[in-house]
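Here is the structure we will look at, set down as structure tokens.
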Amino acid sequence: MVSKHNIPRTLLLDSKLTWKQHILHARNKFRNALRLIYPLICRDSTMTRDNKVLLYTAVLRPILSYGCPVWGYAAKSNLKTLEISQNKTIRMIVHANMYMRNADIYKALKLQNFKSYIQKLAINFFDSLP
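Residues 4 to 133 (our numbering) make up the sequence shown, in order.
This is the structure in structure tokens:
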């Protein structure tokens with residue numbers, strides 16, 4: 004039986020390898036980081052949209068995707084919590100109303116959705132192995 008361990012860089016394991024604890028921990032870290040930089044990327048910020056997206060991709064997205072080659076096979080319901088966090092942040096950056104589709108927003112910003120992004124990271128990781 005595996006007990007809960009905190010591996011360096013906070014990759015959390017549980018006994019059934021569901022990755023739920025790690026994903027919830029990543030979501031909470033993402034929310035805390037978002038609170039810190041909220042004045043820079045909120046709707047009322049004077050930063051350009053490109054700079055807001057750059058700030059998101061450089062600071063926030065790595066928090067969500069850390070260790071994704073390992074936990075990328077987690078249940079869809081667990082991955083959905085991270086995807087929702089990403090969608091909310093992207094919608095806030097572009098001032099999207101409720102009628103704009105997420106797929107259209109990602110296409111306009113030339114960003115990948117969360118699932119395809121972690122798949123790309125996992126493929127790159129496994130291709131780089133000897």
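Idealized CB from N, CA, C, for every residue including glycine.
For the options Lys118, Asn100, Lys91, the alpha carbon positioned closest to that of isoleucine 44 is the one of Lys91. Inter-residue distance for glutamine 122 and glycine 75 is about 7 Å (C-alpha atoms, whole angstroms).
Setting aside the 5 residues that flank it on each side, asparagine 105 is surrounded in the same chain by Asn90, Ile93, Arg94, Asn116, each with a C-beta closer than 8 Å to its C-beta; the list follows chain order. Membership of leucine 67 in the alpha helix (DSSP H) is indicated by the continuous run 64-68.
With the rule of 3 Cβ pairs closer than 8 Å, the region 61-77 counts as touching the region 33-51. DSSP, read as helix, strand or coil, puts alanine 106 in helix.
For leucine 82 against leucine 67, the beta-carbon gap comes to about 10 Å, at or over 8 Å, which does not count as contact. Following the DSSP letters along the chain, one finds proline 133 in no alpha helix (DSSP H), marked with neither H nor E. In this chain, the alpha helix (DSSP H) harbouring asparagine 35 covers 23-44.
Here the alpha carbon of asparagine 31 sits roughly 15 Å from the alpha carbon of tyrosine 41.
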